[in-house]
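For reference, the structure is listed below as structure tokens.
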Amino acid sequence: MDPIGSAAPARTIALRVNGVELTTPIEDRELLVDVVRKRLRQTGTHVGCYNGDCGVCTISLNGKIIKSCLILAASADGGDITTIEGFSGGEELDDIQQAFWDEDGFQCGFCLPGMLFAARDLLERNPEPSEADIRQAISGNICRCTGYVNIVRSVHTAAQRRTS
Amino acid sequence: MTAMVPASAGSSRREPALGAVEQTRRKHGDQLLVGRGGYLDDHEPPGTLHAAILRSPHPHARIRSVDASAARRCRSVRAVVTGAEALSLAEPLPHFFDPSLVGGRTTTVRVLAVDKVRYVGDPVAAVVADSLADAEAALDAIDVDYEILPAVVDAEDALAEGAPTVFDEWGDNVLIRFPFAEGDPARALAMAPHVIADEIRIQRYQTAPMEPRGYLAHWEPTGKLTLYASTQIPHPLRTNLSTIFGLSEDRIRVVATRLGGAFGHKFNGYPEEPLVCLLSRMTGAPVKWVETRADSLLVGAREYIHRFSVGFDDDGRILAITDRIIGNIGCLATWGGWSMTYPAGMTLPGPYLVSDYDIESIAVVTNKAPWNGARGYGKESATVAIERMVDLVAAELGMDPVEVRRRNLIPPERFPHWTVAKHLDSGDYRGALDKVVELAGYHRQRELQRDAREQGRTRGVGVAFELTPEGGDFAGSYVRGFDTSTVRVSPSGAVTVLTGVTSLGTGSDTGIAALVARELGLTVDAVSILQGDTDSCPYGFGNFSARSLATGGGAAVLAAREVRERMALAAGVLLDTPPEGLVFAGGHVHTADGGRSIAFGAVAEQVYRRAYAVPGLDQPLLEATKVDRPRNLTHQPDEHGRMSAYPTFPYSTHVAVVDVDAETGQVRLLDYTCVEDCGVQINPRFVASQIYGAIAMGVGGALFEELPYDSAGQPLARTFTQYLVPRANDLPAIRLDHQCTPSPYTLLGTKGAGQSGVGGAAASLASAVNDALAPLGVRITTMPLSPPTVLRAIRSGGKP
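Listed in order, the protein sequences are those of chains A and B. Letter by letter, the first sequence follows residues 1 to 164 of the numbering used here. Letter by letter, the second sequence follows residues 165 to 964 of the numbering used here.
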């Protein structure tokens, strides 16, 4: 007897992921976050809601930060992706990552990759952000451990170190 | 029975200071910062299959039949199991904390529902397929014939005569009643110059860790079962799997993966734990299940009604209180959250000296989903209630709420202090209150409030004192107050700590490593810590009740000291000097005069290479395992009927300033100050981080986090779009300071940091919002203080 349910439509997409050109088979219905995690095994990008609410899946696509649970992988075909694994661009830790560690800007670490992308995006736009600017910039990313106190400090410290 | 240890004897447990604990950044930060956390869903061995669970859409129904035949033919489906089929494959699930242990009712819970479903989300059947999408698709092919039964959703409805019963065999819906009474409160209330009776209702909400739960099981053909689990409590989880499957515990390995937040949500006892094991056995392959956010938001906690009376004199001195607490615990399950109704009553009368009180906490079952642990564990509810009482006393007398608190706080000379269900260890409560008043600029805030009011703004200043019993120990269950750690030195001098406690991002792993490093004169980097793997770590009780340092940390220190003694013996031989005066510092063992030294690693190497060959080198076991526990536990009632299941009592004081937008009902938190006392701090930076997070959770609970149900029993918050948690721009910076009154009863003087802050934040926000609304003649007795609730209150103009 044939199984109930047919195979989902599929295709192959090309991506540049953390500087590496690659192609990967996907199902058309697959979200970008699932392709990144399950097919490309870049598991530093997390899933917290599949609804765009929490921001733990934040990555960079073509130079802009996005919530990767909100777009289909197929629509990223040809795109240039940076995940947390490629965040520091070859260094062990970049200055923003260092600031987060120095200021205890994370606890469980689950929201951390998304926070780092939000922080970098802010500092690229606004090198000297106010506290309110920082809070606004990370308001798309939920953290349940820190009360955001040390995340805000981390971003502030990173900014100060860059400008001093 | 555990004997009481007097404070002086407890103090003698602490040795002369060894010097400061090395303050470092969080261990493993370099891994977390680059995305190598290794959370549950990051693990996926080749050939892993995926499980999906069919859950009840009804709050209460009888299962007439389940037809899963079509699902078995769906694409890539490897196995399907129903409740009836699972009966012969898995024994009933052990309770995390069986209420019958403390005189409550109980029920038998199976891995999947068999005859009846009792809440929306109750697991009914499960499917395993090659992909999660295929497994989820196959759920639609399962046909369940339900006979819908009347549901009961509200706790007071559940207590009413003739209410539908969640468990028919009980006859009513009361799981257990916990009484806590002293003195003659009826008489004291009758004699009191003033009595206020009121209530406060606290909504159902939870901790919402960013990482949902998940489990990955592999039951190998050899009979070895491995379960990777996002759990706080791996060892008792293993014990339970052994009971459920009749599989010897030594053949089961549970690995608690790195947790993306837990807060009680990841206590063990969930049916999905054995379910994935069963599915792996059925398919012969690794099987993974990860909780969806919608499933995660089913887990309840914290829904209470406090109906209280408080009697007091003209000076604001509280003479008596009564509080009838009703906890709507949802359906009873094997997850242990129902037991939060115990601290919800036990914590009262909080930090205040009240000789006459009558508290009853009632756990009521309904057709909502069960509770599980939630940071605060009911103590936050007690704090909200007692602080509300104090505010009402202050308002009635026209006194400053800080002054009423000061007059009623237990004075320092009264410690240790008994109430009927707790033996308070130590503290300077007035000192912490004075300190927060100073730090917050409380009197200045009152002036600013007057100015704001003159400008037509609705400004409120709230105060709260939170008492947070910690380290709970419940003999008879696996929720225990002791734990075990091993310290092991390798020939290279590398030190490994293996412990039965788990760390959930709290920093206690770094703290334990730092404590061991201090004992051995090493840097934190030279000490690694292994937790959560039942194959390598000593049996332990994981993480709950802010216990990790007072139990596993203490045990690690004791083990390190034993290893140090053996290393000293060896070093004495190698340096040809008596071992007594040797000093472990800077990675070396030094002679007392500092003249000669040998590297720590060289001592270890020589022990392994030359033991029994060199005279005097005859103790080659560079490994020790120790148990430690806080004292100050009284498991059996004493001659006055008093007992105490919590050994340490950290506390915190809070001042919150809010503006209420009278047109929209929105509460804006402007300023927040906290002073906390968790005893000795091992790493103050991590303590601060814990307090910040706990305060944010309390603010969320006070202002918007809510898991509402409709009257038919359907849960209404299934995503973070409905379940609103604080975001960075909802919160101000938090001003924090510390006070230290060491616990006389723990090895290190710690009291536990991790839960302090939730209750103080919720209570200070409630205090501030009511203070803001006071000029309008309005008060709010229902949490959360969300815009609809606040607007409704404002528009009522003070009329209920």
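Virtual Cβ for every residue (Gly too), placed ideally from N, Cα, C. A quick note: this is a predicted structure, and the numbers were derived from the prediction, not measured.
Length of the line joining the Cα atoms of residue i and residue j
{"i": "MET168/B", "j": "LEU797/B", "result": "Residue confidence for MET168/B is low, a pLDDT of 32 falling below 50, so the modelled location carries little weight; the figure read from the coordinates is stated next. Taking the straight line joining both Cα atoms gives about 7 Å."}
{"i": "ARG351/B", "j": "SER519/B", "result": "12 Å"}
{"i": "SER233/B", "j": "LEU296/B", "result": "19 Å"}
{"i": "SER6/A", "j": "ARG239/B", "result": "7 Å"}
{"i": "LEU53/A", "j": "TYR369/B", "result": "Correcting the residue identity first, residue 53/A is Asp in this sequence and not Leu. Each residue's alpha carbon lies about 18 Å from the other."}
{"i": "GLY706/B", "j": "ARG539/B", "result": "15 Å"}
{"i": "ARG773/B", "j": "ALA766/B", "result": "10 Å"}
{"i": "TYR50/A", "j": "GLY140/A", "result": "14 Å"}
{"i": "GLN919/B", "j": "LEU781/B", "result": "47 Å"}
{"i": "GLU840/B", "j": "ALA277/B", "result": "45 Å"}
{"i": "GLU975/B", "j": "THR812/B", "result": "For chain B, the structure presents residues 165 to 964; residue 975/B sits outside this window and is missing."}
{"i": "VAL284/B", "j": "TYR873/B", "result": "10 Å"}
{"i": "ARG569/B", "j": "GLY626/B", "result": "12 Å"}
{"i": "SER709/B", "j": "GLU249/B", "result": "38 Å"}
{"i": "GLN97/A", "j": "GLU103/A", "result": "10 Å"}
{"i": "SER164/A", "j": "LEU713/B", "result": "39 Å"}
{"i": "ASP555/B", "j": "TRP453/B", "result": "47 Å"}
{"i": "ALA345/B", "j": "PHE472/B", "result": "14 Å"}
{"i": "ALA658/B", "j": "VAL691/B", "result": "7 Å"}
{"i": "ALA585/B", "j": "ILE227/B", "result": "43 Å"}
{"i": "ALA99/A", "j": "VAL155/A", "result": "7 Å"}
{"i": "VAL149/A", "j": "CYS111/A", "result": "14 Å"}
{"i": "TYR392/B", "j": "GLN107/A", "result": "21 Å"}
{"i": "THR632/B", "j": "SER816/B", "result": "8 Å"}
Buried versus exposed, by CB contacts within 10 Å (16 or more), residue i
{"i": "ARG613/B", "result": "The amino acid occupying residue 613/B in the given sequence is Gln; Arg does not appear at that position. Buried is the call here."}
{"i": "PRO314/B", "result": "exposed"}
{"i": "HIS224/B", "result": "buried"}
{"i": "GLN800/B", "result": "exposed"}
{"i": "ASN126/A", "result": "exposed"}
{"i": "ALA173/B", "result": "Only weak support exists for where ALA173/B lies, its pLDDT of 34 falling under 50; the value from the coordinates is given anyway. The residue is exposed, with fewer than 16 neighbouring Cβ atoms inside 10 Å."}
{"i": "GLN903/B", "result": "buried"}
{"i": "GLY966/B", "result": "The structure shown has nothing for residue 966/B, since chain B only spans 165 to 964."}
{"i": "ILE312/B", "result": "exposed"}
{"i": "HIS607/B", "result": "exposed"}
{"i": "SER656/B", "result": "exposed"}
{"i": "HIS804/B", "result": "exposed"}
{"i": "LEU353/B", "result": "buried"}
{"i": "THR905/B", "result": "buried"}
{"i": "VAL643/B", "result": "buried"}
{"i": "GLY147/A", "result": "buried"}
{"i": "PRO148/B", "result": "Because residue 148/B is not part of the residues shown, which for chain B are 165 to 964, the question remains open."}
{"i": "ALA372/B", "result": "buried"}
{"i": "LYS790/B", "result": "buried"}
{"i": "THR12/A", "result": "exposed"}
{"i": "ARG210/A", "result": "The structure shown has nothing for residue 210/A, since chain A only spans 1 to 164."}
{"i": "GLU320/B", "result": "exposed"}
For residue i, the residue or residues it bridges with in DSSP
{"i": "ALA151/B", "result": "Lying before the first or after the last residue shown, residue 151/B is absent from chain B, which here runs from 165 to 964."}
{"i": "PRO343/B", "result": "GLU524/B"}
{"i": "GLY624/B", "result": "VAL822/B"}
{"i": "TRP582/B", "result": "HIS587/B"}
{"i": "GLY140/B", "result": "Nothing about residue 140/B can be read from this structure; chain B reaches only from 165 to 964."}
{"i": "LYS452/B", "result": "HIS214/B, LEU380/B"}
{"i": "PHE629/B", "result": "THR817/B"}
{"i": "PHE638/B", "result": "VAL643/B"}
{"i": "TYR836/B", "result": "ALA820/B, ILE898/B"}
| message | If the cut-off is 8 Å on Cβ atoms, which residues from the region 104 to 116 of chain A count as contacting chain B, listed in chain order? | response | ASP104, PHE106, GLN107, CYS108, GLY109, PHE110, CYS111, LEU112, PRO113, LEU116
| Where are the beta strand (DSSP E) runs, 3 residues long or more, that stay fully inside the region 505 to 571 of chain B, in chain order? | 520 to 528
| task | Could you name each continuous beta strand (DSSP E) segment of 3 residues or more that falls completely within the region 776 to 821 of chain B, going from the start of the chain to the end? | result | 787 to 792
| Can you list, in chain order, the stretches of the alpha helix (DSSP H) that have 4 or more residues and sit fully within the region 349 to 374 of chain B? | 349 to 355
| said: Tell me which residues of the region 5 to 17 of chain A have at least one Cβ-Cβ distance to chain B shorter than 8 Å, keeping chain order. | reply: GLY5, SER6, ALA7, ALA8
| Which runs of the beta strand (DSSP E) fall wholly inside the region 191 to 242 of chain B and span at least 3 residues, in chain order? | 213 to 219, 225 to 231
| task | May I ask you to list, following chain order, the residues of the region 722 to 755 of chain B that have a beta carbon less than 9 Å from some beta carbon of chain A? | result | none
| said: Any C-beta of chain B within less than 8 Å: which residues of the region 77 to 108 of chain A qualify? | reply: THR83, ILE84, GLU85, PHE87, SER88, GLU92, LEU93, GLN97, PHE100, TRP101, ASP102, ASP104, PHE106, GLN107, CYS108
| Quick one, which residues of the region 45 to 78 of chain A are near chain B if we go by CB-CB under 8 Å, in chain order? | THR45, HIS46, VAL47, GLY48, CYS49, TYR50, ASN51, ASP53, CYS54, VAL56
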